[in-house]
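**Student:** Handing you this structure, nothing more for now.
Residue numbers (this note's numbering): 106 to 420.
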């Protein structure tokens with residue numbers, strides 16, 4: 106399984122890519138990069154909804170510059186992993202637990218056999234929600250987790266636009282494979298830069314759009330009713346009084362003050378109750394911190410460098 110390379114976003118050197126198969130039959134595309142000299146371990150990168158491996162090539166380089174090997178996957182239903190519905194643009198998953206199966210398969214078939222320990226997780230948005238579920242279940246595959254704008258809850262405005270009760274009713278009525286009300290087949294990440302809710306960096310925004318222009322099959326469009334229903338179910342569990350305090354995993358959460366996609370207030374509240382966690386709000390940043398301007402990304406990496414053991418003082 107190849108990786109898509111464009112002049113503005115070339116594939117980092119020394120990679121291996123391929124596919125693995127989950128116990129329930131999903132085919133997942135993966136990629137891994139060898140450690141540079143003086144190995145520090147492996148960082149496993151997990152993107153958000155609608156993202157693909159190619160979007161994180163810059164992050165791969167940043168991590169390898171810090172001495173880490175890197176491994177990553179496309180979640181089922183996006184990137185070049187298998188799609189379950191006839192219309193491949195529909196963002197679908199049966200249940201969020203399916204993403205946990207993706208992670209376990211990836212760890213067992215790619216990370217443990219072929220990547221040097223210790224292992225760390227770097228996850229964004231939806232990927233962050235999956236990591237929290239894994240940590241809460243006590244699965245200690247990763248020594249530490251760094252979560253960028255984890256999807257713990259949505260801003261009130263977005264919740265009011267898409268009531269969870271309506272989604273459940275529609276799904277029970279057999280409509281799970283349809284787009285959410287108001288959703289369409291426009292690929293995530295192809296909207297104009299002006300007014301976009303995820304980054305204030307026009308160059309990185311254009312780069313990510315160019316990836317999808319080169320290969321539209323990497324992208325997905327709006328979520329389905331099934332995806333949204335199970336996402337709301339997952340987020341409701343995060344509101345449990347003891348949920349964060351039950352987690353023993355060391356976690357660093359990075360939130361964006363100008364996030365319009367997930368709730369920064371919910372991240373702060375959740376992090377406050379973590380036993381082994383901390384958080385930082387990056388003032389001025391939008392949702393996709395790793396796709397943001399250098400002044401915001403620099404704050405992210407400074408926090409990462411202070412939290413992840415083995416990271417040298419990076420200049």
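Cβ coordinates follow ideal geometry from the N, Cα and C atoms, glycine included.
Who are the near neighbours of residue 421 in its chain, counting only those whose CB is closer than 8 Å to its CB and skipping five residues on each side?
**Tutor:** Outside the displayed range of the chain (106 to 420) lies residue 421, so it cannot be described from this structure.
**Student:** According to DSSP, simplified to helix, strand and coil, what is residue 420?
**Tutor:** Because the pLDDT at residue 420 is just 47, under 50, the model does not fix this residue reliably, and the point stays unresolved.
**Student:** Tell me the start and end of each unbroken beta strand (DSSP E) in the stretch 187 to 268 that is at least 3 residues and wholly inside, in chain order.
**Tutor:** 224 to 229, 249 to 253
**Student:** Residue 313 to residue 393, Cα distance in whole Å?
**Tutor:** 12 Å
**Student:** Between which two residues does the alpha helix (DSSP H) carrying residue 343 extend?
**Tutor:** 330 to 343
**Student:** Just checking my contact of residue 362 with residue 390 at CB under 8 Å: how many whole Å lie between their CB atoms?
**Tutor:** 6 Å
**Student:** Of the residues 237, 256, 326, which one's Cα is nearest the Cα of residue 353?
**Tutor:** Ranking 237, 256, 326 by Cα distance to residue 353 puts 237 first.
**Student:** For the beta strand (DSSP E) containing residue 138, name the first residue and the last one.
**Tutor:** It spans 132 to 138 - the beta strand (DSSP E) in which residue 138 sits, taken as one unbroken run.
**Student:** Which parts of the stretch 355 to 393 are runs of the alpha helix (DSSP H), unbroken and 4 residues or longer, counting only runs that do not cross its ends?
**Tutor:** 369 to 377
**Student:** Per DSSP, residue 122 is paired with what?
**Tutor:** 136
**Student:** At least one CB of chain D closer than 8 Å to the CB of residue 310: is that the case?
**Tutor:** The structure shown contains no chain D; it holds only a single protein chain.
**Student:** Leaving out five residues on either side along the sequence, give the residues of the same chain with a beta carbon under 6 Å from the beta carbon of residue 229.
**Tutor:** 152, 153, 253
**Student:** Taking the alpha carbon of residue 411 as the reference point, which residue from 164, 359, 372, 398 has its own alpha carbon closest?
**Tutor:** 359
**Student:** If residue 137 sits next to residue 176, beta carbons under 8 Å apart, how far is it from one beta carbon to the other, in whole angstroms?
**Tutor:** 4 Å
**Student:** With distances taken between CB atoms, is the gap from residue 150 to residue 161 smaller than 8 Å?
**Tutor:** yes
**Student:** Compare the beta carbon distance of residue 201 and residue 133 with 8 Å and say whether it is the shorter of the two.
**Tutor:** No, the pair does not count as a contact, with Cβ atoms beyond the cut-off.
**Student:** Going by Cα to Cα distance, which pick from 244, 240, 183, 187 is closest to residue 213?
**Tutor:** 244
**Student:** What whole-angstrom Cβ distance do residue 111 and residue 257 have, given they're in contact under 8 Å?
**Tutor:** Between the beta-carbon of residue 111 and that of residue 257 there is about 33 Å, and that puts the pair past the 8 Å contact cut.
**Student:** Identify the continuous alpha helix (DSSP H) that holds residue 314 and give its terminal residues.
**Tutor:** 307 to 319
**Student:** Put residue 178 into one of helix, strand or coil per three-state DSSP.
**Tutor:** In the structure shown, residue 178 adopts extended strand secondary structure according to DSSP, grouped into three states.
**Student:** When you compare only the Cα positions, how much space is there between residue 420 and residue 167?
**Tutor:** Any answer about residue 420 is weak, because its pLDDT of 47 lies below 50 and its placement is not dependable; what the coordinates show is given next. Looking at the two C-alpha atoms, the distance is approximately 12 Å.
**Student:** Can you give the Cα-Cα distance for residue 304 and residue 157, rounded to whole angstroms?
**Tutor:** 17 Å
**Student:** Taking the beta strand (DSSP E) that residue 148 falls in, what are its first and last residues?
**Tutor:** 147 to 151
**Student:** Could you check if residue 89 is buried or exposed, using at least 16 other CB atoms within 10 Å of its CB as the buried criterion?
**Tutor:** A question about residue 89 goes unanswered here, because the residues of the chain that appear run from 106 up to 420.
**Student:** Mind the definition here: the stretch 331 to 346 touches the stretch 290 to 303 only if three or more C-beta pairs lie below 8 Å; say whether that holds.
**Tutor:** With a cut-off of 8 Å, the stretch 290 to 303 and the stretch 331 to 346 do not count as touching, because too few Cβ pairs lie within range.
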